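Visitor: A single structure is presented below for examination.
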Amino acid sequence: MNVTANSIVIQQERERIKERYRTIIKKTFDVFDRSEDGTCDIREVGSILRALNINLTEARLRDVCSQVGEEEPSGFIQYKRLEPVILTFLMGSETFRDTEERILEAFKVLDTEGKGYLDADELRVLMTTNGEYFSTEEVNEMLAFAADPEDGKINYMEYVKHLSEPQVIDI
1 MNVTANSIVI QQERERIKER YRTIIKKTFD VFDRSEDGTC DIREVGSILR ALNINLTEAR
61 LRDVCSQVGE EEPSGFIQYK RLEPVILTFL MGSETFRDTE ERILEAFKVL DTEGKGYLDA
121 DELRVLMTTN GEYFSTEEVN EMLAFAADPE DGKINYMEYV KHLSEPQVID I
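And the structure:
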């Protein structure tokens, strides 16, 4: 195969990947599009990005929101404005995804006694009061999935394993 043919094959593969990402982005966005009109609350952008395993600092997230926000702020963003930004993250060389090892290491730092689990209430306090803190709603969503409803413990090894698995959004 010559260089030109090889370049064409690479470009075709890139377009195929881009279309697959578009489908995944749309399905993820639709979960947050409660009125089914191609818009969602701008406060959901962080959740959408994290669902796609794109983890930004709060400062970077604010930049993204101002980039995709409407000129006359309505509090909602349109899918057509958000999709290209997300595609840039997913197709670009700059990565915003944490590895399984890095996430696990972060949990281990919090587990000072090496028990293999964290208390949901303690983690809630840490996540809402320290560093790049999360909103109460974001923490509630995370803990609803991560914490055992009976004892309020988070087996972080299992949780990290789930985070690293392919997501439910299949095409």
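Anchor point for the sequence shown: position 42 equals 42 in UniProt numbering, and the numbering is continuous, going up by one each time. Where a beta carbon is used, it is the ideal one built from N, C-alpha and C, also for glycine. Note that the structure is a prediction, hence the values are computed from the model and not measured.
Secondary structure at residue 39, three-state DSSP: helix, strand or coil?
Guide: Counting from 1 along the sequence shown, the entry for residue 39 is found at position 39. Reduced to three states, the DSSP call for residue 39 is strand.
Visitor: Give the DSSP-derived three-state secondary structure of residue 140 in the structure shown.
Guide: Numbered from 1 along the sequence shown, position 140 holds the residue referred to as residue 140. Reduced to three states, the DSSP call for residue 140 is helix.
Visitor: By how many angstroms is the C-alpha of residue 46 removed from the C-alpha of residue 130?
Guide: For this step, residue 130 is matched to residue 130 along the sequence shown. For this step, residue 46 is matched to residue 46 along the sequence shown. C-alpha separation (whole angstroms): 18 Å.
Visitor: State the Cα-Cα distance for the pair residue 84 and residue 111, rounded to the nearest angstrom.
Guide: Taking the sequence shown and counting its residues from 1, the one referred to as residue 84 is at position 84. Taking the sequence shown and counting its residues from 1, the one referred to as residue 111 is at position 111. Cα to Cα, residue 84 sits roughly 39 Å from residue 111.
Visitor: Measuring only the C-alpha atoms, how far is residue 23 from residue 38?
Guide: Here the question's residue 23 lines up with position 23 in the sequence shown. Here the question's residue 38 lines up with position 38 in the sequence shown. The straight-line gap from Cα to Cα measures roughly 14 Å.
Visitor: My understanding is that residue 28 touches residue 48, with C-beta atoms under 8 Å, so please give their C-beta distance in whole angstroms.
Guide: Residue numbering aside, residue 28 sits at position 28 when the sequence shown is read from its first letter. Residue numbering aside, residue 48 sits at position 48 when the sequence shown is read from its first letter. At roughly 6 Å, the Cβ-Cβ gap stays under 8 Å, so residue 28 and residue 48 are in contact.
Visitor: With C-beta atoms as the reference, is residue 52 less than 9 Å away from residue 89?
Guide: The residue you call residue 52 lines up with position 52 of the sequence shown. The residue you call residue 89 lines up with position 89 of the sequence shown. Yes, the pair counts as a contact, with Cβ atoms nearer than the cut-off.
Visitor: Based on Cα-Cα distance, which residue from 136, 134, 162, 79 lies nearest to residue 145?
Guide: Here residue 145 refers to the residue found at position 145 when the sequence shown is read from its first residue. Comparing Cα positions, the closest option is 162.
Visitor: So what does DSSP say about residue 24, is it helix, strand or coil?
Guide: The sequence position of residue 24 within the sequence shown is 24, counting from 1. In the structure shown, residue 24 sits in a helix (DSSP, three-state: H, G or I).
Visitor: How should residue 175 be labelled, buried or exposed, when 16 other C-beta atoms within 10 angstroms of its C-beta is the threshold for buried?
Guide: What the structure shows of the chain is the stretch from 1 to 171, and residue 175 is not part of that stretch, so it cannot be assessed.
Visitor: Where in the stretch 73-156 do unbroken runs of the alpha helix (DSSP H), each at least 4 residues long, occur, reported from the N-terminal end onward?
Guide: With a minimum length of 4 residues, the continuous alpha helix (DSSP H) runs that stay inside the stretch 73-156 are 79-91, 100-110, 120-129, 136-146.
Visitor: If you run the structure through DSSP and keep just helix, strand and coil, what is residue 4?
Guide: Taking the first residue of the sequence shown as position 1, residue 4 is located at position 4. Residue state, collapsed to three classes: helix.
Visitor: Do you know offhand how far residue 113's Cα is from residue 60's?
Guide: By one-based count along the sequence shown, residue 113 stands at place 113. By one-based count along the sequence shown, residue 60 stands at place 60. Between residue 113 and residue 60, the C-alpha separation is close to 33 Å.
Visitor: Cα separation between residue 157 and residue 123?
Guide: One-based indexing of the sequence shown puts residue 157 at position 157. One-based indexing of the sequence shown puts residue 123 at position 123. Cα to Cα, the separation comes out at about 15 Å.
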